[in-house]
Amino acid sequence: MAEKSETPILDELEKGPWPSHVTELKKTGYKGLLALYEQIYQDKMTHWAHGGMVGVPGYDAGVIGRVSDRPDILKDAHTFRIIEPAAWFYKTEYLRKICDTWEKYGSGLMNLHGATGDLQLIGIKTENMVPCFNEFAQIGFDLGGSAGDIRTMSCCVGPARCEFSCIDTLAIYQELTMSYLDEMHRPRFPYKFKIKISGCPNDGVAATARSDLAIIGTWRDSIRIDQEEVRKYASAGLNINDVCAKCPTEALEWNGTELKLNADDCVRCMHCINKMPKALRPGIDKGATILIGGRARGRYGAFLAWVLVPFMKVNPPYTELKDLIKKIVEWWDENGRTKERVGETIYRFGMGRFLRAVGLPAVPQQIIRPRANPFWFYWPGEVK
Amino acid sequence: MAEKSETPILDELEKGPWPSHVTELKKTGYKGLLALYEQIYQDKMTHWAHGGMVGVPGYDAGVIGRVSDRPDILKDAHTFRIIEPAAWFYKTEYLRKICDTWEKYGSGLMNLHGATGDLQLIGIKTENMVPCFNEFAQIGFDLGGSAGDIRTMSCCVGPARCEFSCIDTLAIYQELTMSYLDEMHRPRFPYKFKIKISGCPNDGVAATARSDLAIIGTWRDSIRIDQEEVRKYASAGLNINDVCAKCPTEALEWNGTELKLNADDCVRCMHCINKMPKALRPGIDKGATILIGGRARGRYGAFLAWVLVPFMKVNPPYTELKDLIKKIVEWWDENGRTKERVGETIYRFGMGRFLRAVGLPAVPQQIIRPRANPFWFYWPGEVK
Amino acid sequence: MSTQQPIKLDFGVVHYDLMLPPIIKRNYGKWKYHEIIKPGILKHVSETGEEFYTVRAGAPKFASVDTVRKLCDLADKYCDGYLRFTSRHNIEFLISKKENIDGLIADLKKMGLPVGGTGNSMASIIQCTAWMHCHTAATDAAGIGKSVYDGLFEYFQRMDLPAKLKIAISGCLNMCGAVHCSDIAILGVHRVPPKVIDEIVSKACEIPSLIAVCPTYAIKPNPKAKSITIDPDKCMYCGICYGMCPGVPLADPKNDGVSIWVGGKVSSTRSGPMFSRLVVPYLPNNPPRWPEVVDVVKKIVNVWVDGAKKDERMGEWIERIGWGRFFKITGIPFTDKHIDDYVFAIPSMSTGAQVRL
Amino acid sequence: MSTQQPIKLDFGVVHYDLMLPPIIKRNYGKWKYHEIIKPGILKHVSETGEEFYTVRAGAPKFASVDTVRKLCDLADKYCDGYLRFTSRHNIEFLISKKENIDGLIADLKKMGLPVGGTGNSMASIIQCTAWMHCHTAATDAAGIGKSVYDGLFEYFQRMDLPAKLKIAISGCLNMCGAVHCSDIAILGVHRVPPKVIDEIVSKACEIPSLIAVCPTYAIKPNPKAKSITIDPDKCMYCGICYGMCPGVPLADPKNDGVSIWVGGKVSSTRSGPMFSRLVVPYLPNNPPRWPEVVDVVKKIVNVWVDGAKKDERMGEWIERIGWGRFFKITGIPFTDKHIDDYVFAIPSMSTGAQVRL
Ligand code: SRM
Ligand code: SRM
Ligand code: SRM
Ligand code: SRM
Ligand code: SF4
Ligand code: SF4
Ligand code: SF4
Ligand code: SF4
Ligand code: SF4
Ligand code: SF4
Ligand code: SF4
Ligand code: SF4
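Chains as they are written, first to last, in my numbering: chain U, 73 to 456; chain W, 73 to 456; chain P, 699 to 1055; chain Y, 699 to 1055.
Have a look at this one:
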């Protein structure tokens, strides 16, 4: 007869076609976590507890302290947050080194990747942290953000493999990350500040939903149309009228042989391009739309990021972008309350005050429609 | 040479094709008001002031106290608010009596009608109020609402002259007004409470925008279609496809000879009926949608009234309707703050609490879409 | 005189039975369909076969008893003694005999009353009392109303607008003219905080409720003066406090003026009801004819007439073309005042990367 | 050991130049178009004429170094030593030689890794650490994720859904799994207020910030105990306080569970981004396979597949047919919990008289 399993409940999660995290957990040989996780399943209640402030000397971020309330089963099992390489590209050589180091000092269990973007390594004891960090440092992998700081960023695959990309997502990611290492490693802000970079409005890193500042590639001129290729799509059976019907602003018209675009009406939603990538392409005058204020949950519920700058050229050395981020973060640092994300601070102060503080103009693209209430303010000097 | 006018500024408002209120003002011979109005135009600033509590003994409402801050020009000029006859129908006999009385005791200037609905008579001195009221009483015209009370209601022309009307707006108006005279004449609520009655979703008395409780006629079954008449509209040149295209829920389809309605999709917006009144009519199972919470300005900005009861039969003796209004007003009276309209009280407490208090079910018609935030409450007994 | 007592109380409203013409009583609830014969003339046909005509005329909302009696004369002459007023304060003559229509129209013309306001025309303009009679007004309503009417006069008498055009005017933020849901709304605005007159506040006002009533918590107690203070940085000049307390007036000839709003709608048709939205935060009070206001209103009506499709109310048209475009083609400057920063600000922000450039 | 110091700090992120395959470097920014050859297999064609293939495979987000090394082996064998992860944590094998595709797929199959997740398929499920590693979790994420994956397995490998299907799971209201904008979202919920453990609060927590952080002002000071009290009538169990203070835990095996949300979307395409909306406020925690959750998710996917038009994401479809209809056809009960009563409640109410009966 087979040996009685020590994790009869979790074993159920090894069944079925999708690869099982329980199987992976078992493979690491990380018994403590396995036992604790089984216990949690049995009790239907977490046994994890606040881990306090742990970290690598010189940094106040990058490690999530985590202990259990059943030290008899498992004591400390902190998390290393490691900044991922741009767009999560890895040469196996590096990934192997990461595996080796993590096996040596940590649990051997990886979280590939965290929702913010980091390479997350779960389960390291306090005493192993510095040596582990030092080995990662040797191969060039630094810790990322946590607490009230600029967080680890993320960017989509962009120009590396996507024809839609209007900005160099990887280069921007690289540049911004390298610029804000101090702000990332030494939390001093009211709360977290997340930046995400998508190459086009398809928003492949969900920047609109999940970042305080979203940089989303777009174009200023008109979509490029190859009429011949449109006709090919049509003969191949694509319903072009249907594509036109789904344009949010009725900017497209198909007469059976030609696709007409009223470029003034296009709001750059990507739909028609997505449907006919061989025939339609973004324009050539490329840049980004900058959005502000996204976040999940929130004090007032979740916020989706909204338009701050409708169009900005984003080329090296990225001065305009970096200046703007600096002004935003400074204003928020000065005015934000504890645990208040930038979108909430803007909500509390009003978009008008915020725009003045960061030196941006009010433009209609920032809003769906103007205010319906008669409650606004005059600035000093505006009234007699 | 012509005599120099005493109101050179106002005289400018006698020019132009539209009938002039200044001319009317002059016709009344109400010199004080004319002079004060001219003064206001000259100073670009009102000279009216709070009039304090004035009224007819036994009532605490119905008269708006009004004095000027230039007693040298005009002293008191209060307003009589008189409940209008249902849907503002007048036999001239009555209107003439009103004119006579108002000429005798008041200024002879009428405001036909106030935005709430009242027949408003502007400019009466304190000492004339009781005799004036008594003469109105003789012909059957009572004072309406003001301050924190149930206000004078209003209703559209409804079944009296409109084929769209799904409820007897005049009868409901009559019945509700007669039921709430005490609440109208003796303010005791946190703030005003307005009720308006429209015969169909065209909402001819703007109940959705301007009333705390809106009663809007509608039907439960399917629109009645006379296909022959539809075809006549088509041959007369009406673009039926365009009518279908404007249906908010794509419920209509026109194949050139027949108009097909998917009744399940119809949201009773009236558009197609409005476009083809000879061919389309509301269904036969008629009743009303009850909306709650409308109001202008507001502490949080204006509220448009929203659906409370998607469909209610509204027939004499109107027990269900009156019970509901009673429960609503009682709950609001108990829970509302000073100057808080019912919609704001509901906002403060939450729709769930309100629905429980007035004994109505939560139904999807009340909302555009469900909540996006995870912040809700459990009632005692719902959790273990 | 002042000791006199009312002869009766709470008798309520006259029954409408006394007010309805016989033909309406006969066909009450039996109307089958209507036609608009020409601007201002409605024809309603009953299931009984009877036909009924309405002639709608515009009138000053503020009327003398003289004029009202003349209207009664006309109703006696042509309408068996019946008339009504509409929910927008027009007069409707109720005609059971078709042959009376032309005579009535001729007489109305003589009186100077325009016939129209039906179908896709400019409806009559809702107005409050404002400078005619109100202590909180930041501007006039009747005077602006008259000026706008004169400027758009033809549209009352024609029915070739894209859709109905409903204009409203309120002298102050109380919005008695219900400007919050109109195609075009004109709203008087104050722009400086109330002046606090301690003597009046201490005598005439209930200080705790005054403090509670301010939506932005700008009012603080001033116990020394038994009065209050107002924080000018928090006050947004709404005048709610003045509504309760004569000691905090905010009228200011130099700064008071007019704001313009567009795109509101009440009916549940098609798009459903919509709020009016701010387009011009401030125009100076320039009585007696407010030329700046009339110009902007005319410009807005013109671009709508040019751009809208059939059946598109102002707001429906703007929602289709986008608000940015609306500002562009009207040339009205967009400012930070247009961006909502009040309680429901967040749902009005443009989320996502859709942009019209 | 603990006195050891880091050898260097703030060196930042490895340059991506070191990570990109040569073919990508050659064609960086020059991609012209793509095709999805079959589920999981992308072909990108460059302006230079070069072709590049991607094989996407699902994997447990929580992986052992063992498995990761095996993935590296495959990348070495078929992809010149390069791979990447997607923003939804799938593995992408980057292939410059077309002939390598089939071998790779065969090897992946052997390893038990499904190939798919492209086009109109179910994307991989975003999940947080939850019971695997988190102290605030009201449920698990990986366990539910595995169960839902198994239940919808076929949809990862097919591309005939109406549109993309993006599912996310978060163990608690912090929403690390970004459930707020997903086609289907599964969110752990607490349903009772935190228990206050005075000894811990007084020692470990900063009381003024604790009080300030509660969105509903449910936390009041309790000076006697140097602690706080929580008003059970005001607390809506969000756990924000527990995030700051270990003295107010709210895990409760009897009452914790799972809520289901639908209709969220991130991309700016067509309708623009949308929030997920509450559909099932509570299902019990029923580990290890959460059958109730899997059932509801499957039911929702099925009605969407049956009802939606091509290119209609879950939320776009529901907005077209109306939320009432969605509740009707799924048979999910509508309750007062579905009606927003929080800060932005008013704009979510159905204003006007449009009703679907
Ligand atoms: C690991 C990760 C989940 C995952 O497995 O993917 C995660 C895990 C935790 N998050 Fe998160 N968050 C993670 C991405 C997110 C995201 C998604 C994103 O960034 O795109 C969000 C929603 C987006 C956003 O920021 O609004 C998110 C919103 C939160 C919040 C709520 C933040 C707020 O603004 O209110 C908290 C609570 C807090 O910080 O106080 C939180 C807190 C936490 C903590 C630190 C728990 C705590 O309160 O101390 C969790 C640690 C669990 C552990 O030890 O395993 N986490 N967290 C993700 C980070 C990995 C990474 O760095 O790559
Ligand atoms: C690889 C990845 C970018 C990355 O840097 O990792 C990616 C890659 C592509 N996306 Fe995406 N998207 C990726 C995440 C996203 C996300 C973010 C997310 O899911 O969290 C979104 C927004 C999701 C949302 O709206 O909720 C996203 C919305 C799109 C869309 C818009 C779909 C729509 O609803 O209209 C397209 C266009 C399309 O597929 O027609 C698109 C199209 C594409 C194309 C076809 C672009 C291209 O030409 O190469 C790529 C292949 C798509 C495919 O899977 O069929 N991609 N894409 C991400 C793969 C995630 C995964 O493993 O499943
Ligand atoms: C006469 C009238 C304007 C008109 O010429 O049509 C009017 C005139 C006044 N209104 Fe009004 N309101 C009038 C209809 C309205 C409407 C429209 C409606 O009822 O459909 C509204 C907007 C709808 C609503 O109620 O939300 C309206 C919203 C207000 C408000 C703001 C109410 C609020 O909820 O905040 C106030 C201020 C207050 O009551 O404190 C107000 C206050 C006033 C006062 C009493 C001024 C005051 O603060 O003391 C005005 C008296 C002026 C005078 O003496 O001439 N009036 N008021 C209307 C009443 C006539 C009637 O009874 O028929
Ligand atoms: C007389 C009046 C009712 C009353 O009891 O007084 C009335 C009467 C009619 N309305 Fe109205 N409506 C009246 C105020 C309203 C209002 C309220 C308001 O303006 O404040 C509305 C809502 C306004 C809004 O949406 O902002 C209103 C929205 C409609 C509509 C919907 C229009 C639309 O935008 O889709 C129709 C349908 C149509 O005209 O096609 C309509 C249709 C009609 C019809 C055709 C109904 C019928 O079969 O008799 C009547 C003749 C209309 C005409 O003028 O061409 N009536 N109607 C009101 C006349 C006011 C005036 O003097 O101008
Ligand atoms: S967001 Fe746009 S550029 Fe980036 S991978 Fe997706 S489709 Fe390509
Ligand atoms: S990108 Fe979107 S908005 Fe622009 S034309 Fe195409 S479908 Fe229309
Ligand atoms: S609201 Fe409806 S029933 Fe009343 S008058 Fe207008 S169209 Fe007729
Ligand atoms: S009434 Fe409105 S919703 Fe109903 S079918 Fe007609 S147009 Fe469509
Ligand atoms: S809107 Fe203002 S100015 Fe006009 S009547 Fe009402 S309170 Fe007076
Ligand atoms: S005007 Fe309005 S905001 Fe200013 S103090 Fe008075 S109530 Fe407050
Ligand atoms: S969502 Fe909650 S349970 Fe999941 S990782 Fe974040 S904090 Fe932990
Ligand atoms: S769980 Fe949330 S609502 Fe309850 S006390 Fe804590 S912070 Fe306040």
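Even for Gly, the Cβ is constructed at its ideal location relative to N, Cα and C.
Per DSSP, cross-strand counterpart(s) of residue i
| i | result |
| --- | --- |
| His732(P) | His742(P) |
| Glu1010(P) | BP columns for Glu1010(P) are empty, so no partner. |
| Trp378(U) | Ile364(U) and Thr1049(P) |
Contact list for residue i against chain W, beta-carbon separation under 9 Å
| i | result |
| --- | --- |
| Gly373(U) | Arg443, Ala444, Asn445, Pro446 and Phe447 |
Under 8 Å by beta carbon: chain W residues contacting residue i
| i | result |
| --- | --- |
| Pro1116(Y) | Residue 1116(Y) is absent from the model: chain Y starts at 699 and stops at 1055. |
Short Cβ contact (8 Å threshold) for residue i with residue j
| i | j | result |
| --- | --- | --- |
| His150(W) | Thr100(W) | no |
| Ala286(U) | Gly366(U) | yes |
| Arg138(W) | His831(P) | yes |
| Ala323(U) | Asn334(U) | yes |
| Leu181(U) | Phe760(Y) | yes |
| Thr280(U) | Leu363(U) | yes |
| Gly217(U) | Ala158(U) | no |
| Ala902(Y) | Gly945(Y) | yes |
Chain-ordered neighbours of residue i on chain U, where CB pairs are closer than 7 Å
| i | result |
| --- | --- |
| Asp774(Y) | Thr164 |
| Asn983(Y) | Lys116 |
Nearest-angstrom Cβ-Cβ length linking residue i and residue j, presumed shorter than 8 Å
| i | j | result |
| --- | --- | --- |
| Ser880(Y) | Tyr853(Y) | The Cβ separation is near 15 Å, so there is no contact. |
| Leu976(Y) | Cys936(Y) | Wrong, their Cβ atoms sit about 14 Å apart, outside the cutoff. |
| Glu165(U) | Gly779(Y) | 7 Å |
| Cys943(Y) | Leu908(Y) | 5 Å |
7 Å Cβ cut-off: residues of chain A touching residue i
| i | result |
| --- | --- |
| Ala377(W) | Absent here is chain A; the protein component of the structure consists of chains U, W, P and Y. |
Neighbouring residues, chain P, relative to residue i (Cβ below 9 Å)
| i | result |
| --- | --- |
| Thr280(U) | Thr1049, Gly1050 and Ala1051 |
Residue i: contacting residues in chain Y (beta-carbon distance under 8 Å)
| i | result |
| --- | --- |
| Ser966(P) | Gly1050, Ala1051 and Gln1052 |
| Ile1044(P) | Phe1042 |
| Pro971(P) | Thr1049 and Gly1050 |
Within chain Y, partners of residue i - CB distance below 9 Å
| i | result |
| --- | --- |
| Lys176(W) | What Lys176(W) touches in chain Y: nothing, since even the nearest Cβ is about 44 Å away. |
| Asp275(W) | Gly1050 and Ala1051 |
Within chain P, partners of residue i - CB distance below 7 Å
| i | result |
| --- | --- |
| Thr321(W) | The premise fails here: Thr321(W) is roughly 10 Å from chain P at the closest Cβ pair, so nothing lies under 7 Å. |
Partners in chain P for residue i, counting only beta-carbon separations shorter than 8 Å
| i | result |
| --- | --- |
| Met342(W) | Ser965, Ser966 and Thr967 |
- Message: Counting beta carbon pairs with one atom in the stretch 144 to 153 of chain W and one in the stretch 103 to 113 of chain W, are three or more of them shorter than 8 Å?
- Response: yes
- Is it true that the stretch 720 to 727 of chain P meets the stretch 765 to 777 of chain P, where meeting means three or more beta-carbon pairs spaced less than 8 Å apart? no
- Message: When you compare the stretch 239 to 258 of chain W with the stretch 730 to 741 of chain P, are there three or more beta-carbon pairs, one atom per stretch, that lie closer than 8 Å?
- Response: no
- Message: I'd like to know if the stretch 163 to 182 of chain W and the stretch 803 to 811 of chain P are in contact, where contact means that at least 3 CB-CB pairs between them fall below 8 Å.
- Response: no
- Message: Measuring CB atoms only, is the stretch 1010 to 1020 of chain Y touching the stretch 983 to 996 of chain Y, in the sense that at least three cross pairs come out at less than 8 Å?
- Response: no
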